[in-house]
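Protein chains in written order, with the working numbering: chain U, 1 to 323; chain Z, 1001 to 1433; chain R, 2001 to 2325.
Below is one structure, written out as structure tokens, with a few remarks after it.
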Amino acid sequence: MEKLIAQDIYYLMYLGRAFEYKAKEHYMTGDISGFLHLDIGQEALSVASMKAFEKGDVFTTYREHIMAIARGMEPKYVMAELFGKASGVSGGKGGSMHLFDPSHFFYGGDAIVGGQIPNAVGCAYARKYQGNLEGVMVVFGDGATNGGAFFESLNIAATHKLPILFLCENNEYAIGTNIKRAAPFREQYKKAEPYMLTKAVDGMKADEVYNAIKEAQSLLEKGHGPIFIEAYTCRFEGHSMSDANLYRSSQEMKHCKAKDPLPYFKNKMLTEFNFTQEEIEAVEKKADESVQEAVEFATNAKEPSLDALYEHVFYEELNNVVS
Amino acid sequence: MVYNVVMPQLSDSMEEGKLIEWKKKVGESVKVGDVIAEVESDKAIMEVQTFHAGVIKELLVKEGSTVPVKTVIAKIESQDVVKGSQKSEQKPKEHSQEKKSVPEEKKEKTLKEPTKEAPHKEQPAEHKESAVAKELNVVPKSLEVPKESRISPKAKELVQEYKLDTKVLFKKYENETIHSQDVIEFIKERYFTPKALKVLNEYNIDIKEFQLDHKIDTEEINLFIHSHNLSKEVSLSSMQKAIIANVTASAQKPVYHIYESVDSRLLEKNKKHSITAWLVKIFAKVIMKYESFRSKVSDSKLLISPNANISVAVADEKNLYMPVIKGAQSLSIQEISQKLEEFKSKLHTTSFSSEEMSGGNFGISNLGMLGLERFDAMINRDESGIVAVGAITDSKLNITLTIDHSLINGYEAALFVKDLKKEMQNPQNFEEA
Amino acid sequence: MLYREALNRALDELMEKDENIVILGEDVGLYGGSYRVSEGLVEKYGEKRVIDTPIAELSIVGNAVGMAIGGLRPVAEIMTANFSLLAFDQIINHMSKFHYMSNGKIKLPMVVRFPQGVSRQLAAQHSESYEQMLSAVPGLRVISTSDVNHAYHALKKAILLDDPVVFIEHELLYNKKGEVNFNDTMDPFKARIVKEGKDITIVSYLKILDDVLKSVDAIEKELNCNCEVIDLCSLNPIDYDTLAKSIEKTSRLVMVEEDHKTGGFGSQIVSWVAEELFYSLDAPPLRIAGEDVPIPYNRKLELASIPTVDSITQKVIEWGHKNGL
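Given below as structure tokens:
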């Protein structure tokens, strides 16, 4: 990993966490509503995966604020979307769970568990058909690996040797149900083993995630076909804001937080990448300012007009089409 | 700076929360992320963290009490004056200002809007009011439908629109369902004289075109028809349709014309019979000499008739028929005259049978008696030609032959005319047999 | 030309012009399509463009959504309407919503085709109709096609359109004969007035429209009236303008559909008429629809479960007599 990339990853992880705390605060004050799924604790995975897989297309889940930002969307437009404002990345019509930006090859923001996987497979088909092997990365949780869409997708991706990276973020919980109570084993890569190359990494370590995904993408580009990477991680918050997190003991949470990806990577910055404390503080300050700016922007942004209600139901006015 | 802690929204459906327990006391200092209270939402009991460091200044809600989301439940006095926290302290202030100002703005807007519009729309507004008031006065009382009657929504609408006397209407349709057509009939009977109604229907005029507050007579309708230049719609009779088809087909034929004058002295001498009758006789005779004048094309074969079958145009202002005198070459002039008389009488009584109208070889159309000097005619059906007979001038009868070139060529037609001229001067032809 | 040939021709013509158009579905390739709609296309365009999929409807539609995102124009075939239920998550949660949820940033130029309805004794799991559910999903265009010429033009337009379209066919129509007017300038997404009339508006669509047309002579004779028959074609959005014009003229509505009566598609038309055109009516609307039972196997029972030429004729005549015709 290059020094600049390490700095970028730390910046985005720090910014991501600050962003999520601000989102939490503004959920409590009512500026943000609906379902809000915080990514605190999983920043390493969210940031490093996006930085490593920088070329292809990305499909992901509803816990995607940090991924969207790491993918290149400006924090203020993401925050504005959380606030439901017209200048949000989805015009205030998607909300926290539905961030879309095709200009960054980022297609949601899908809130149906496992629903985005077949879409990613289709997109990978399109890319291969177009002769583009940069590939597609689809991110999903351990919960999704128990559904039919997941198995259908493994099967089709392997049959057509599609350039797709399945990235499973295994935080062990499907809302409140531990993976061991929903599947016969903790390691979900075992489900993919018969179909494709698999790998498991520590998702709390940004460098490990980064290297694994970088390697995977280069394999895809050589025409390797589908790859499955499982990253073990831990979310520090409840599933969404309305989850009191009562199914995890304080001991488990303590154990979990001991693996906090931020101090781990900060240490790497100091020791491996030779950053000074001052340099790191400057990065943190810049991130804080960016989040502060995002909140101010979102607060002052305009609500969508009522006309927006009827906009984009359909793309085409029928009269314009000549068959 | 003082930061307000509000009853947090902890789920998408939470509207109020119960304060279960305070985890901090007044005067205690807190740092970001510290739990200061436990709150019960509609889904679970959850911890309330603070996003600001400082000292608890006030706890405003008692344990066990329930307050709406966003109610201030505690105040935290912040101590540090670091830039970041200053910002965040200013922010809630801005924030609350913002919040207040938004509804204010809205209020202003809703208040302003009418006053803004008022100067522009003063008059229309008044108009509107009076129009509304008018409408209110005019709205008919809900229709009372007697038990023994039923009325469709559309019919009901019409009754109210025309403010009809429902007593009479329901009486007329007792024990029936009244449909819109029934109401229209009722309106027509009531507001139009029978004669006017006939014209109305003839011209297919909507009753909505008239102010229905008086009896409307033919004069008023005629006025309407003239001022709107309405065409009268008459559907075509089957005979008219047949004529259109016939002449349209005829117009496709490759024809040429021969303009001639024949000696008429013998015709003028023998006025006991009509010119048409004599011409039938003489044409029949000549036609018998020319096979092509008796031929027609059918299924890519030439059919040649053994007889001279002459069709004769019989017409008045409206109708035109071409009945056929069959085997005219063997009929006497009396018999021919009699046939023509029959045709004329049939014109006004019964229609011609298709048998009488078909099988002709050659046609005669005479308009000379109306003073027409010369005209040309269109060939009837699949006949070979037709002669258009004009007036006599200087002992000459003007005739124009229309000949189907696909059957008869010009040379043959010239021979035919030459023969015809000769026969017109032959006194034997004008003897009564 | 047959209905299925018209569909095939539409696919063929467009695939020849645009290599972004791909077909996917069960047995659409080597087998030639269960109803021969894609016959000959794999030979012409290869397996990369005519893709035989596993029996996994969720993925057929789900992959088509991804293909559309990736820049292709997929035409997905589901073997029969009942199987589309396995893909309803993708159709309703993904296909219909991405454009709106992304505030127009994502568009999905894709078509999902399937036949539906009662054929001959295919029993309850292969005979149903789902337009009532699909037409209720905002963001999906739902097109039904009842006619050879319309099928050709409508499928072409559905493929060329940048919106997701559910394209509904009927098993009994695949061998229907008709002419295609290649120069037709009609808008296949508007309602078609199949027969003009002035006394009754009969609204229908898909295969049962043919039964309506067969019943019209007897109805007109018996009621001494003139029926206007409308083929809705587009079930979402609905061409209310054409309907309103007709109903205002005739003041009577008969709605004929093959799906189950309760919650059936026609209930939308009738409720709209009650809301918007109540004062234009001279008679209560008549709805003729399938019975509220799963479709039985036995032929006699099967026919009793849906409207037929005889039952349509009889019901309209009875209703006409009761209502002033």
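Even glycine gets a Cβ: it sits at the ideal position worked out from N, Cα and C.
Since we're looking at a predicted model, the values are computed, not measured.
### Query
Is the segment 1018 to 1030 of chain Z in contact with the segment 32 to 51 of chain U, if contact means three or more CB pairs nearer than 8 Å?
no
### Query
With 16 other CB atoms within 10 Å as the buried threshold, where does Z:F1051 fall?
Numbered from its first residue, the second sequence carries residue 1051 of chain Z at position 51. Buried is the call here.
### Task
Label Z:M1007 either buried or exposed according to how many other C-beta atoms from any shown protein chain fall within 10 Å of its C-beta, with 16 as the threshold for buried.
The residue you call residue 1007 of chain Z lines up with position 7 of the second sequence. The residue in question, Z:M1007, is buried, as its Cβ has 16 or more Cβ neighbours within 10 Å.
### 9 Å Cβ cut-off: residues of chain Z touching U:F35
Position 35 of the first sequence, counted from the first residue, corresponds to residue 35 of chain U. Those within 9 Å of U:F35 in chain Z are S1011 and D1012.
### Query
Do you know how far the Cα of R:Q2090 is from the Cα of R:H2099?
Stepping through the third sequence from its first residue, residue 2099 of chain R is reached at position 99. Stepping through the third sequence from its first residue, residue 2090 of chain R is reached at position 90. When rounded, the distance between both Cα atoms is 14 Å.
### Query
Nearest chain Z C-beta to U:M50 closer than 8 Å, yes or no?
Within the first sequence, numbered from 1, the residue matching residue 50 of chain U stands at position 50. Output row for U:M50: interface = no.
### Query
Taking 8 Å as the CB-CB cut-off, is U:M241 touching chain Z?
Against the first sequence, residue 241 of chain U aligns to sequence position 241. Cβ-Cβ to chain Z under 8 Å: yes for U:M241.
### Task
Give the range of the alpha helix (DSSP H) segment to which R:A2154 is assigned.
Residue 2154 of chain R sits at position 154 when you count from the first residue of the third sequence. R:A2154 -> alpha helix (DSSP H) spans V2148 to L2160.
### Message
So the candidates are U:G94, U:I213 and U:K24; which of them puts its Cα closest to the Cα of U:I229?
### Response
On the first sequence, position 229 is the one that residue 229 of chain U refers to. Comparing Cα positions, the closest option is U:I213.
### Query
Under a CB-based cut-off of 8 Å, is Z:K1154 close to chain R?
Locating residue 1154 of chain Z in the second sequence gives position 154, counting from the first residue. Yes - at least one Cβ of chain R is within 8 Å of the one on Z:K1154.
### Within chain Z, partners of R:N2323 - CB distance below 9 Å
As a first step, residue 2323 of chain R must be located in the third sequence, where it is residue number 323. Chain Z residues near R:N2323: S1152, T1177 and H1179.
### Message
Do R:G2264 and R:L2206 have their beta-carbon atoms positioned less than 8 Å apart in this structure?
### Response
Indexing the third sequence from 1 puts residue 2206 of chain R at position 206. Indexing the third sequence from 1 puts residue 2264 of chain R at position 264. Result no, Cβ atoms of R:L2206 and R:G2264 do not sit closer than 8 Å.
### Query
Considering only residues of the same chain and omitting the five flanking positions on each side of Z:F1352, which have a CB-CB separation below 7 Å?
Locating residue 1352 of chain Z in the second sequence gives position 352, where the first residue counts as 1. Around Z:F1352: Y1321, P1323 and K1346.
#### Entry: Rounded separation between R:L2085 and R:L2058 - CA only
Here residue 2085 of chain R corresponds to residue number 85 of the third sequence, with the count starting at 1. Here residue 2058 of chain R corresponds to residue number 58 of the third sequence, with the count starting at 1. Approximately 9 Å between the Cα atoms of the pair.
### Query
What span of residues does the beta strand (DSSP E) with R:G2033 cover, start to end?
The count along the third sequence starts at 1 and reaches residue 2033 of chain R at position 33. That residue, R:G2033, is in no beta strand (DSSP E); it is neither H nor E in DSSP.
### Z:S1351 - containing beta strand (DSSP E), residue span
What you label residue 1351 of chain Z is simply residue 351 of the second sequence in a count that begins at 1. Unbroken run through Z:S1351: none, as it is neither H nor E.
### Residues within the segment 2276 to 2297 of chain R neighbouring chain Z, beta-carbon criterion of under 7 Å
F2278, Y2279, S2280, L2281, D2282 and A2283
### Query
What does a CB cutoff of less than 7 Å around U:G94 pick up in its chain, not counting 5 residues either side in sequence?
On the first sequence, position 94 is the one that residue 94 of chain U refers to. The answer, listed in chain order, is E81, F100 and G109.
### Task
Compute every distance between the C-beta of Z:L1143 and the non-hydrogen atoms of the ligand SAH, then say whether any falls below 7 Å.
Here there are no bound small molecules, and the ligand SAH is not part of this structure.
### Message
Short of 7 Å Cβ to Cβ, which residues in the segment 2042 to 2061 of chain R face chain U?
### Response
K2048, P2054, A2056, L2058 and S2059
### Message
Let me check understanding here. Comparing Cα to Cα, which of Z:V1030, Z:I1258 and Z:A1245 lies closest to Z:L1420?
### Response
In the second sequence, residue 1420 of chain Z corresponds to position 420, counting from 1. When only C-alpha atoms are compared, the closest one is Z:I1258.
### Task
Going by DSSP, name the residue or residues bridged to R:C2227.
Here residue 2227 of chain R corresponds to residue number 227 of the third sequence, with the count starting at 1. R:C2227 is bridged to R:I2200.
### Query
Any beta-carbon of chain R closer than 8 Å to the one on U:I69?
Position 69 of the first sequence holds residue 69 of chain U. No, no contact with chain R.
### Helix, strand or coil at U:T276 according to DSSP, with G and I counted as helix
Position 276 of the first sequence, counting from 1, holds the residue named residue 276 of chain U. Coil.
### Task
For Z:G1360, I'd like the list of residues in its chain whose CB is within less than 8 Å of its CB, leaving aside the five on either flank, ordered along the chain.
Within the second sequence, numbered from 1, the residue matching residue 1360 of chain Z stands at position 360. If we look at Z:G1360 and ignore the five residues flanking it on each side, its Cβ neighbours are N1309, I1310, S1311, M1322, V1324, N1380, R1381 and E1383.
### Query
Would you report the Cα separation of R:L2007 and U:L220, rounded to the nearest angstrom?
Counting from one through the third sequence, the residue named residue 2007 of chain R turns up at place 7. Counting from one through the first sequence, the residue named residue 220 of chain U turns up at place 220. Each residue's alpha carbon lies about 38 Å from the other.
### Query
Any idea if R:Y2297 is buried or exposed, counting beta-carbon neighbours within 10 angstroms, 16 or more meaning buried?
In the third sequence, counting from the first residue as 1, residue 2297 of chain R sits at position 297. Exposed.
### Collapsed DSSP secondary structure at Z:K1121 in the structure displayed
Numbered from its first residue, the second sequence carries residue 1121 of chain Z at position 121. Low confidence applies here, because Z:K1121 scores a pLDDT of 40, under 50, leaving its location unreliable; read the following figure in that light. Three-state DSSP puts Z:K1121 in a helix.
### Query
Helix, strand or coil: how does DSSP classify Z:E1129 here?
Translated into the one-based positions of the second sequence, residue 1129 of chain Z becomes position 129. Since pLDDT at Z:E1129 reaches only 41, below the 50 mark, its modelled position is unreliable, and no value is offered.
### Message
Give me the chain U residues within the contact set of Z:F1051, using Cβ-Cβ distance strictly less than 9 Å, ordered along the chain.
### Response
Here residue 1051 of chain Z is taken as the residue at index 51 of the second sequence, counted from 1. Neighbours of Z:F1051 on chain U, chain order: Y21, K22, K24, E25 and M28.
### Message
Let me check understanding here. Comparing Cα to Cα, which of U:S87, U:N178, U:V209 and U:F166 lies closest to U:K190?
### Response
Residue 190 of chain U sits at position 190 when you count from the first residue of the first sequence. Here the closest residue by C-alpha is U:F166.
### Task
Check whether the segment 1396 to 1404 of chain Z touches the segment 1259 to 1271 of chain Z, taking contact to mean three or more Cβ pairs, one atom from each stretch, closer than 8 Å.
yes
### Query
chain R beta carbons: is any one of them nearer than 8 Å to that of U:Q217?
As a position in the first sequence, residue 217 of chain U is number 217, starting the count at 1. No, because no Cβ of chain R sits closer than 8 Å to the Cβ of U:Q217.
### Task
Determine whether the Cβ of U:S323 lies closer than 8 Å to any Cβ atom of chain R.
As a working mapping, residue 323 of chain U is identified with position 323 in the first sequence. Per-residue confidence for U:S323 stands at a pLDDT of 37, beneath the threshold of 50, marking its modelled position as unreliable; the derived number appears in the next sentence. Yes, U:S323 lies at the interface with chain R (some Cβ there is under 8 Å from its Cβ).
### Query
For chain R, is any of its Cβ atoms less than 8 Å away from the one on Z:E1317?
The count along the second sequence starts at 1 and reaches residue 1317 of chain Z at position 317. Not closer than 8 Å to any Cβ of chain R, the Cβ of Z:E1317 fails to qualify, so no.
### Task
Sort U:I40, U:G115 and U:F35 by Cα distance to U:T61 and report the nearest one.
Counted from its first residue, the first sequence places residue 61 of chain U at position 61. The shortest C-alpha separation from U:T61 is found at U:G115.
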